[in-house]
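S.K.: Provided herewith is a single structure, encoded as C-alpha coordinates, for subsequent inquiry.
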(Lines of atoms letter the chains of each structure in order from A and count residues from 1; the text may use other names and numbers.)
(Lines give C-alpha, C1' and ligand atoms only; values in the text may rest on other atoms or scores of the structure.)
Protein backbone atom coordinates (compact mmCIF):
# COMPACT_ATOMS: atom_id res chain seq x y z
CA UNK A 1 0.00 0.00 0.00
CA UNK A 2 2.81 2.38 0.84
CA UNK A 3 4.58 1.66 -2.43
CA UNK A 4 1.42 2.39 -4.38
CA UNK A 5 0.96 5.75 -2.68
CA UNK A 6 4.57 6.73 -3.35
CA UNK A 7 4.22 5.89 -7.01
CA UNK A 8 1.00 7.89 -7.27
CA UNK A 9 2.61 10.90 -5.62
CA UNK A 10 5.51 10.78 -8.05
CA UNK A 11 3.18 10.64 -11.05
CA UNK A 12 1.13 13.60 -9.79
CA UNK A 13 4.24 15.66 -9.15
CA UNK A 14 5.52 14.98 -12.63
CA UNK A 15 2.14 15.88 -14.10
CA UNK A 16 2.03 19.13 -12.17
CA UNK A 17 5.52 19.97 -13.29
CA UNK A 18 4.52 19.28 -16.86
CA UNK A 19 1.51 21.55 -16.56
CA UNK A 20 3.68 24.26 -15.09
CA UNK A 21 6.09 23.92 -17.97
CA UNK A 22 3.28 24.05 -20.49
CA UNK A 23 1.87 27.18 -18.87
CA UNK A 24 5.29 28.77 -18.88
CA UNK A 25 5.81 27.83 -22.51
CA UNK A 26 2.40 29.12 -23.52
CA UNK A 27 3.04 32.47 -21.78
CA UNK A 28 6.22 32.83 -23.83
CA UNK A 29 4.92 31.72 -27.21
CA UNK A 30 6.42 33.85 -29.90
CA UNK A 31 9.87 33.41 -28.40
CA UNK A 32 12.31 30.52 -28.56
CA UNK A 33 12.53 28.83 -25.17
CA UNK A 34 14.73 26.18 -23.59
CA UNK A 35 12.55 23.27 -22.38
CA UNK A 36 15.47 21.88 -20.45
CA UNK A 37 15.76 25.08 -18.45
CA UNK A 38 12.14 25.62 -17.39
CA UNK A 39 11.34 27.16 -20.77
CA UNK A 40 13.58 30.17 -20.27
CA UNK A 41 13.75 32.38 -23.33
CA UNK A 42 16.80 32.02 -25.51
CA UNK A 43 18.77 35.26 -25.65
CA UNK A 44 21.56 36.61 -27.78
CA UNK A 45 24.94 37.54 -26.47
CA UNK A 46 23.68 41.13 -26.10
CA UNK A 47 20.67 40.04 -24.07
CA UNK A 48 18.04 40.26 -26.82
CA UNK A 49 15.31 37.61 -26.82
CA UNK A 50 14.99 35.36 -29.85
CA UNK A 51 11.62 35.86 -31.46
CA UNK A 52 9.86 33.15 -33.43
CA UNK A 53 8.94 33.83 -37.04
CA UNK A 54 5.26 34.07 -36.15
CA UNK A 55 5.88 36.59 -33.34
CA UNK A 56 3.47 39.54 -33.17
CA UNK A 57 3.46 42.53 -30.83
CA UNK A 58 0.48 40.97 -29.07
CA UNK A 59 2.83 38.18 -27.88
CA UNK A 60 5.28 40.57 -26.24
CA UNK A 61 6.32 39.80 -22.66
CA UNK A 62 7.79 42.16 -20.13
CA UNK A 63 11.05 40.22 -19.95
CA UNK A 64 11.82 40.77 -23.63
CA UNK A 65 9.82 43.71 -24.91
CA UNK A 66 8.85 45.91 -21.98
CA UNK A 67 8.22 48.87 -24.30
CA UNK A 68 5.40 46.95 -26.00
CA UNK A 69 3.59 46.05 -22.82
CA UNK A 70 0.36 47.89 -21.97
CA UNK A 71 1.10 51.01 -20.03
CA UNK A 72 -0.56 51.36 -16.66
CA UNK A 73 -3.38 53.80 -16.59
CA UNK A 74 -2.20 57.20 -15.44
CA UNK A 75 -3.18 58.24 -12.03
CA UNK A 76 -6.15 60.55 -12.07
CA UNK A 77 -5.12 64.16 -11.80
CA UNK A 78 -6.90 66.02 -9.12
CA UNK A 79 -8.82 68.87 -10.69
CA UNK A 80 -8.86 71.91 -8.45
CA UNK A 81 -12.29 73.30 -7.79
CA UNK A 82 -13.18 76.30 -9.90
CA UNK A 83 -12.59 79.66 -8.27
CA UNK A 84 -15.64 81.29 -6.80
CA UNK A 85 -17.54 83.50 -9.17
CA UNK A 86 -16.65 87.16 -8.75
CA UNK A 87 -19.15 89.27 -6.97
CA UNK A 88 -21.41 91.06 -9.42
CA UNK A 89 -20.34 94.62 -10.09
CA UNK A 90 -23.12 97.11 -10.10
CA UNK A 91 -23.45 98.80 -13.45
CA UNK A 92 -22.71 102.51 -13.32
CA UNK A 93 -25.76 104.68 -13.62
CA UNK A 94 -26.44 105.77 -17.18
CA UNK A 95 -25.08 109.13 -18.15
CA UNK A 96 -27.71 111.77 -18.53
CA UNK A 97 -28.65 112.42 -22.11
CA UNK A 98 -26.98 115.54 -23.49
CA UNK A 99 -29.21 118.54 -23.63
CA UNK A 100 -30.72 119.14 -27.04
CA UNK A 101 -29.96 122.46 -28.68
CA UNK A 102 -32.79 124.96 -28.70
CA UNK A 103 -33.43 127.37 -31.54
CA UNK A 104 -34.93 130.80 -30.88
CA UNK A 105 -36.28 132.70 -33.87
CA UNK A 106 -37.43 136.28 -33.51
CA UNK A 107 -38.65 138.54 -36.29
CA UNK A 108 -38.66 142.20 -35.35
CA UNK A 109 -40.25 144.90 -37.45
CA UNK A 110 -40.50 148.62 -36.86
CA UNK A 111 -36.80 148.70 -36.04
CA UNK A 112 -35.76 151.20 -38.69
CA UNK A 113 -37.19 154.27 -40.31
CA UNK A 114 -37.70 154.10 -44.05
CA UNK A 115 -34.39 154.00 -45.92
CA UNK A 116 -32.44 154.03 -42.63
CA UNK A 117 -30.13 151.55 -40.86
CA UNK A 118 -29.99 153.22 -37.46
CA UNK A 119 -31.91 151.56 -34.64
CA UNK A 120 -34.60 153.74 -33.16
CA UNK A 121 -35.07 153.95 -29.36
CA UNK A 122 -38.22 151.88 -29.78
CA UNK A 123 -36.18 149.30 -31.74
CA UNK A 124 -33.67 148.94 -28.90
CA UNK A 125 -36.45 148.38 -26.38
CA UNK A 126 -38.00 145.79 -28.68
CA UNK A 127 -34.70 143.93 -29.09
CA UNK A 128 -34.22 143.99 -25.32
CA UNK A 129 -37.61 142.35 -24.78
CA UNK A 130 -37.65 139.93 -27.71
CA UNK A 131 -33.99 138.89 -27.95
CA UNK A 132 -31.69 140.02 -25.13
CA UNK A 133 -34.05 138.93 -22.34
CA UNK A 134 -34.46 135.48 -23.89
CA UNK A 135 -30.72 134.95 -24.28
CA UNK A 136 -30.61 134.52 -20.51
CA UNK A 137 -32.51 131.26 -20.96
CA UNK A 138 -29.43 129.67 -22.55
CA UNK A 139 -26.55 128.10 -20.63
CA UNK A 140 -24.42 128.17 -23.76
CA UNK A 141 -24.95 130.05 -27.01
CA UNK A 142 -23.65 128.18 -30.04
CA UNK A 143 -24.37 130.75 -32.73
CA UNK A 144 -26.51 133.78 -33.54
CA UNK A 145 -27.59 134.59 -37.09
CA UNK A 146 -28.90 138.08 -37.87
CA UNK A 147 -30.69 138.39 -41.22
CA UNK A 148 -31.53 141.85 -42.58
CA UNK A 149 -34.35 142.55 -45.08
CA UNK A 150 -35.78 145.57 -46.92
CA UNK A 151 -38.95 146.37 -48.83
CA UNK A 152 -39.04 146.40 -52.64
CA UNK A 153 -38.68 150.14 -53.10
CA UNK A 154 -35.31 150.95 -54.66
CA UNK A 155 -32.78 148.92 -56.65
CA UNK A 156 -31.63 145.46 -55.68
CA UNK A 157 -28.04 146.65 -55.23
CA UNK A 158 -29.08 149.49 -52.96
CA UNK A 159 -31.42 147.33 -50.89
CA UNK A 160 -28.78 144.61 -50.55
CA UNK A 161 -26.36 147.05 -48.94
CA UNK A 162 -29.14 148.51 -46.78
CA UNK A 163 -30.15 145.05 -45.50
CA UNK A 164 -26.52 144.29 -44.58
CA UNK A 165 -26.23 147.59 -42.70
CA UNK A 166 -29.40 146.82 -40.75
CA UNK A 167 -28.12 143.34 -39.81
CA UNK A 168 -24.82 144.83 -38.66
CA UNK A 169 -26.66 147.47 -36.61
CA UNK A 170 -28.52 144.72 -34.72
CA UNK A 171 -25.27 142.78 -34.21
CA UNK A 172 -23.56 145.85 -32.76
CA UNK A 173 -26.43 146.33 -30.34
CA UNK A 174 -26.36 142.69 -29.19
CA UNK A 175 -22.60 142.91 -28.64
CA UNK A 176 -23.16 146.02 -26.52
CA UNK A 177 -25.48 143.85 -24.40
CA UNK A 178 -22.78 141.27 -23.75
CA UNK A 179 -23.29 138.79 -26.57
CA UNK A 180 -20.03 137.34 -27.92
CA UNK A 181 -19.56 138.99 -31.31
CA UNK A 182 -17.51 136.02 -32.56
CA UNK A 183 -20.68 133.92 -32.43
CA UNK A 184 -22.79 136.37 -34.42
CA UNK A 185 -23.04 136.10 -38.21
CA UNK A 186 -24.86 138.74 -40.26
CA UNK A 187 -26.55 138.29 -43.62
CA UNK A 188 -28.31 140.71 -45.93
CA UNK A 189 -31.07 139.54 -48.27
CA UNK A 190 -32.14 142.88 -49.71
CA UNK A 191 -35.69 142.75 -51.07
CA UNK A 192 -35.53 139.09 -52.16
CA UNK A 193 -37.61 137.59 -49.33
CA UNK A 194 -40.70 139.74 -48.75
CA UNK A 195 -43.35 138.58 -46.30
CA UNK A 196 -46.06 140.90 -47.61
CA UNK A 197 -47.09 141.98 -51.09
CA UNK A 198 -48.55 145.43 -51.72
CA UNK A 199 -49.99 146.75 -55.02
CA UNK A 200 -48.49 149.85 -56.56
CA UNK A 201 -50.37 153.01 -55.63
CA UNK A 202 -49.96 156.71 -56.05
CA UNK A 203 -50.03 157.36 -52.32
CA UNK A 204 -46.34 156.84 -51.51
CA UNK A 205 -46.88 157.12 -47.78
CA UNK A 206 -49.58 154.46 -47.84
CA UNK A 207 -47.35 152.16 -49.91
CA UNK A 208 -44.48 152.54 -47.45
CA UNK A 209 -46.82 151.73 -44.58
CA UNK A 210 -48.08 148.64 -46.41
CA UNK A 211 -44.54 147.42 -47.06
CA UNK A 212 -43.41 148.03 -43.48
CA UNK A 213 -43.42 144.26 -42.45
CA UNK A 214 -40.77 143.63 -45.12
CA UNK A 215 -38.37 146.05 -43.44
CA UNK A 216 -37.38 143.59 -40.74
CA UNK A 217 -34.55 141.78 -39.02
CA UNK A 218 -34.70 138.08 -38.11
CA UNK A 219 -32.57 136.84 -35.23
CA UNK A 220 -31.91 133.11 -34.94
CA UNK A 221 -30.21 131.83 -31.80
CA UNK A 222 -29.11 128.24 -31.17
CA UNK A 223 -27.72 127.08 -27.87
CA UNK A 224 -28.05 124.73 -24.90
CA UNK A 225 -30.87 125.82 -22.60
CA UNK A 226 -30.44 126.04 -18.86
CA UNK A 227 -31.79 123.14 -16.84
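Numbering (our numbering), first residue to last: 31 to 257.
No residue lacks a Cβ here, since even glycine has one placed at the ideal position from N, Cα and C.
Taking all protein chains shown into account, do 16 or more other C-beta atoms lie within 10 angstroms of the C-beta of residue 223, making it buried, or fewer, making it exposed?
M.R.: Residue 223 sits at position 193 when you count from the first residue of the chain shown. So residue 223 ends up on the exposed side.
S.K.: For the alpha helix (DSSP H) holding residue 234, just list the boundary residues, first then last.
M.R.: Start at 1 with the first residue of the chain shown, and residue 234 comes out as number 204. Here the alpha helix (DSSP H) through residue 234 covers 234-240.
S.K.: Three-state secondary structure (DSSP) at residue 211?
M.R.: By one-based count along the chain shown, residue 211 stands at place 181. In this structure, residue 211 counts as helix in the three-state DSSP scheme.
S.K.: Would you mind reading off the limits of the alpha helix (DSSP H) that contains residue 93?
M.R.: Looking up residue 93 in the chain shown gives position 63. No alpha helix (DSSP H) holds residue 93; DSSP gives it neither H nor E.
S.K.: Nearest-angstrom Cα distance between residue 240 and residue 225?
M.R.: Numbered from its first residue, the chain shown carries residue 240 at position 210. Numbered from its first residue, the chain shown carries residue 225 at position 195. Using only the alpha carbons, I get a separation of about 11 Å.
S.K.: Kindly confirm or deny that the region 102-118 and the region 202-211 touch, where touching means at least three C-beta pairs closer than 8 Å.
M.R.: no
S.K.: Based on DSSP bridge pairs, tell me the residues matched to residue 81.
M.R.: Walking along the chain shown from the start, residue 81 turns up at place 51. BP columns for residue 81 point to 61.
S.K.: Could you please give the first and the last residue of the uninterrupted beta strand (DSSP E) stretch that includes residue 194?
M.R.: Residue numbering aside, residue 194 sits at position 164 when the chain shown is read from its first letter. Not the beta strand (DSSP E): residue 194 falls in the alpha helix (DSSP H), residues 186-206.
S.K.: Since residue 201 and residue 180 are thought to touch, with beta carbons under 8 Å apart, how far apart are those beta carbons, to the nearest angstrom?
M.R.: Indexing the chain shown from 1 puts residue 201 at position 171. Indexing the chain shown from 1 puts residue 180 at position 150. Taking 8 Å as the upper bound for CB-CB distance, residue 201 and residue 180 are not in contact here, some 17 Å apart.
S.K.: I need the straight-line Cα distance from residue 162 to residue 124, nearest angstrom please.
M.R.: By one-based count along the chain shown, residue 162 stands at place 132. By one-based count along the chain shown, residue 124 stands at place 94. Approximately 36 Å between the Cα atoms of the pair.
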